[in-house]
Structure formats: C-alpha cells, structure tokens
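Only one structure is covered here, and it is reproduced in the block below.
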Amino acid sequence: MIMLVEFDAYYHRVHIIGVKCNKQELKQKYLQAKNLTSIIRDLPDVFCKLHSFEQIPLDNNVKADFVIDTDTDRIYKPIY
Numbered sequence: 272m273i274m275l276v277e278f279d280a281y282y283h284r285v286h287i288i289g290v291k292c293n294k295q296e297l298k299q300k301y302l303q304a305k306n307l308t309s310i311i312r313d314l315p316d317v318f319c320k321l322h323s324f325e326q327i328p329l330d331n332n333v334k335a336d337f338v339i340d341t342d343t344d345r346i347y348k349p350i351y
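All letters in the sequence shown, in the order written, are residues 272 to 351 by our numbering.
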C-alpha cells in the first residue's frame, strides 16, 4: 500500500509518497533523515533517497496520511 506524507516547514511544503508505515516507523525514518542533513530544506530529498519515497507535486486537494512538521518535529494524522 502507498501512503502520502506532507512535510510542512516554515518556508515550504512538500508531498511525498511511499510504502505505507505506521507513525512510529515514520518517526524513525524522519529522525534518521534529519540526522543526515544540516539544511532543513533538503530534508524531504534526503528522506526520499534513504527510504525509497518519491516527491510529487503539491496538491491542496489531496489528503495526507501524515504530516511532518519540521519546525516542531511533530508527526500527526491531519483532520479533514
């Protein structure tokens, strides 16, 4: 199964897709990618390369399975 994740940062938002995982697994993947980058803008690219996810065009009509707030390191299921 595929999941959609939104990276939400102060200066940008990015949608990525990849193999479905639970919140805890996503947190581990996020922290691993975060530890390997010093520029937060590069975090989605690093995450995708490490974990075989793919960036897709941002679409406000698409509902994400999870949102990763890179400003607070919070991962949550959005309420639509």
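By construction, the Cβ of each residue, glycine as well, lies at the ideal position given by its N, Cα and C atoms.
Go ahead and pull the three-state DSSP assignment for F337.
strand
Determine the extent of the beta strand (DSSP E) in which D279 is found, giving its start and end residues.
I273 to D279
How about H322 and K291: are their beta carbons less than 7 Å apart?
no
Spatial neighbours of K334 within its chain, please: C-beta separation below 6 Å, excluding the five flanking residues on both sides.
Counting only Cβ-Cβ distances below 6 Å, and skipping sequence neighbours, we find Y351.
Rank Y347, L329, D342 and M272 by C-alpha distance to the C-alpha of I310 and give the top, closest one.
D342
Taking I288 as the reference, give the member of M272, R312 and T308 with the closest Cα.
M272
Identify the residues that DSSP records as bridge partners of H286: which are they?
E277 and I327
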